[in-house]
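Novice:
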Amino acid sequence: VNFLTCVESSYSSSTDVPYHNSLHAADVTHTVFALLWKVGFVDFFEPLGLLALVLSAMVHDMGHDGRNNQFHTNMKDDLALTYNDRSVLENFHVAQAFKLMSRDASTNILDVFEAEKFKSIRKDMIECVLGTDMAHHFRQIDCLKNQVDRLDRDPADWTEPAAVSILQATVLHAADIGNLGKPVELSDKWVTLLKREFFMQGDEERDLGMPISPLCDREVKRFAGPQVGFINFIVKPTFDALALLAAGVEEVVLKEIGENLEVWEARKEQEERELQGESSASAPAAPAAAPAASPPAPPAKEAKEAQEQREAAAQGSAAEAAETAAAAAAERRPPTGA
Numbered sequence: 021v022n023f024l025t026c027v028e029s030s031y032s033s034s035t036d037v038p039y040h041n042s043l044h045a046a047d048v049t050h051t052v053f054a055l056l057w058k059v060g061f062v063d064f065f066e067p068l069g070l071l072a073l074v075l076s077a078m079v080h081d082m083g084h085d086g087r088n089n090q091f092h093t094n095m096k097d098d099l100a101l102t103y104n105d106r107s108v109l110e111n112f113h114v115a116q117a118f119k120l121m122s123r124d125a126s127t128n129i130l131d132v133f134e135a136e137k138f139k140s141i142r143k144d145m146i147e148c149v150l151g152t153d154m155a156h157h158f159r160q161i162d163c164l165k166n167q168v169d170r171l172d173r174d175p176a177d178w179t180e181p182a183a184v185s186i187l188q189a190t191v192l193h194a195a196d197i198g199n200l201g202k203p204v205e206l207s208d209k210w211v212t213l214l215k216r217e218f219f220m221q222g223d224e225e226r227d228l229g230m231p232i233s234p235l236c237d238r239e240v241k242r243f244a245g246p247q248v249g250f251i252n253f254i255v256k257p258t259f260d261a262l263a264l265l266a267a268g269v270e271e272v273v274l275k276e277i278g279e280n281l282e283v284w285e286a287r288k289e290q291e292e293r294e295l296q297g298e299s300s301a302s303a304p305a306a307p308a309a310a311p312a313a314s315p316p317a318p319p320a321k322e323a324k325e326a327q328e329q330r331e332a333a334a335q336g337s338a339a340e341a342a343e344t345a346a347a348a349a350a351e352r353r354p355p356t357g358a
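To convert, count from 1 in the sequence shown and add 20; that's the working numbering.
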């Protein structure tokens with residue numbers, strides 16, 4: 021009880037940090053539990069590994085200040101200097117957890133384990149929490165798919181420590197970005213909180229004269245496009261990889277991801293229409309001209325070139341959205357969850 025109380029109190033208030041607070045930690049812990057015992061990943065882990073994974077979910081954002089790794093690195097602050105610009109927040113979070121246990125016997129829930137078991141749990145927790153850094157996302161998913169190709173989906177074959185470790189970290193990572201795998205009405209509530217936190221960071225960056233991070237500028241009215249890119253390039257591939265091992269991922273989570281994607285694609289189209297309307301409204305009016313005969317239709321070649329340019333522009337917008345989503349992913353928690 022003392023440990024849980026202290027962990028909860030280590031998270032900032034929802035006023036100061038709207039998203040990465042104790043409610044997010046509880047949500048991620050609940051999602052990890054569901055992935056383990058409801059979806060079916062529990063059979064892939066030994067008891068100590070399960071304990072390490074659940075504890076990691078609880079502490080994975082301990083002390084989060086509502087700013088991302090890039091912000092701390094750009095500030096060259098104490099956290100960035102302490103952790104050498106590498107997984108700055110993730111290193112800090114897991115360090116806070118073990119400092120809590122080491123400074124007070126009443127909060128040291130691991131002191132009942134012998135030295136080797138403690139080392140095993142500590143190693144797993146460090147790997148899991150560091151695995152929530154989006155900078156490791158693509159390598160992590162590739163590693164998991166390689167292990168699945170080698171070992172297939174029978175839990176009895178998953179005995180190699182390296183294979184179990186990458187699966188363990190991916191389960192936590194999936195839970196951390198898993199809000200888009202929940203019903204839209206619930207997912208949208210998390211989006212609102214995350215946008216609020218993003219804008220708070222952007223406001224501070226503007227005040228400090230720093231470059232404003234992707235998705236953090238409240239004056240930029242483009243969010244749905246990067247969100248679609250984030251679903252397609254980050255969230256769905258993560259759960260597609262996990263679905264190779266547990267059928268429940270396809271039946272439950274990927275279904276919800278598909279519904280969220282449909283909603284965000286519609287919002288993207290609406291967003292683009294609104295932006296185009298604003299652009300047209302702000303454009304200077306053309307000077308009045310004397311009535312003239314209708315111009316002749318453009319030659320077929322010119323019409324074809326114009327159509328190709330429009331298609332290229334549309335493709336460019338999609339690529340930009342994907343690039344923005346990837347940049348946002350590399351710097352922070354995803355647009356709907358982290």
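Where is the CB? At the ideal position from N, CA and C, for every residue including glycine.
Could you tell me which of 69, 269, 52 and 117 sits nearest to residue 26, measuring between CA atoms?
Specialist: Here the closest residue by C-alpha is 117.
Novice: Should residue 150 and residue 88 be called a contact, given that it needs their Cβ atoms to be closer than 8 Å?
Specialist: Not a contact, by the Cβ cut-off of 8 Å.
Novice: Classify residue 29 as helix, strand or coil using the three-state DSSP reduction.
Specialist: Three-state result, residue 29: helix.
Novice: Cβ of residue 29 less than 8 Å from any chain D Cβ?
Specialist: The displayed structure is made up of one protein chain only, and chain D is not part of it.
Novice: With a threshold of 8 Å on Cβ separation, who are the neighbours of residue 333 within its own chain once the five nearest residues in sequence on each side are excluded?
Specialist: For residue 333, the predicted model reports a pLDDT of 35, less than 50, meaning its position is unreliable; a value from the coordinates is still stated below. None.
Novice: Under 8 Å Cβ to Cβ from residue 128, same chain only, skipping five residues before and after it: list those, please.
Specialist: Excluding residues within five positions, the ones whose Cβ falls inside 8 Å are 23, 121 and 122.
Novice: Going by DSSP, what residue range makes up the alpha helix (DSSP H) through residue 210?
Specialist: 204-227 is the span of the alpha helix (DSSP H), which, as asked, contains residue 210.
Novice: In whole angstroms, what is the alpha-carbon distance linking residue 291 and residue 154?
Specialist: Rounded to the nearest angstrom, the two C-alpha atoms are 27 Å apart.
Novice: Buried or exposed, going by whether 16 or more other CB atoms sit within 10 Å of the CB of residue 101?
Specialist: It counts as exposed.
Novice: Specify the secondary structure class of residue 285 as computed by DSSP and reduced to three states.
Specialist: If DSSP states are grouped into helix, strand and coil, residue 285 belongs with the helices.
Novice: How many Å lie between residue 218 and residue 208 at the Cα?
Specialist: Between residue 218 and residue 208, the C-alpha separation is close to 15 Å.
Novice: Between 44, 56 and 31, which has its C-alpha nearest residue 84's C-alpha?
Specialist: The shortest Cα separation from residue 84 among 44, 56 and 31 belongs to 31.
Novice: Report yes or no: do the segment 272-279 and the segment 238-245 share at least 3 C-beta pairs separated by less than 8 Å?
Specialist: The segment 272-279 is not in contact with the segment 238-245.
Novice: For the alpha helix (DSSP H) that contains residue 245, what are its first and last residues?
Specialist: Counting along the chain, the alpha helix (DSSP H) containing residue 245 begins and ends at 244-250.
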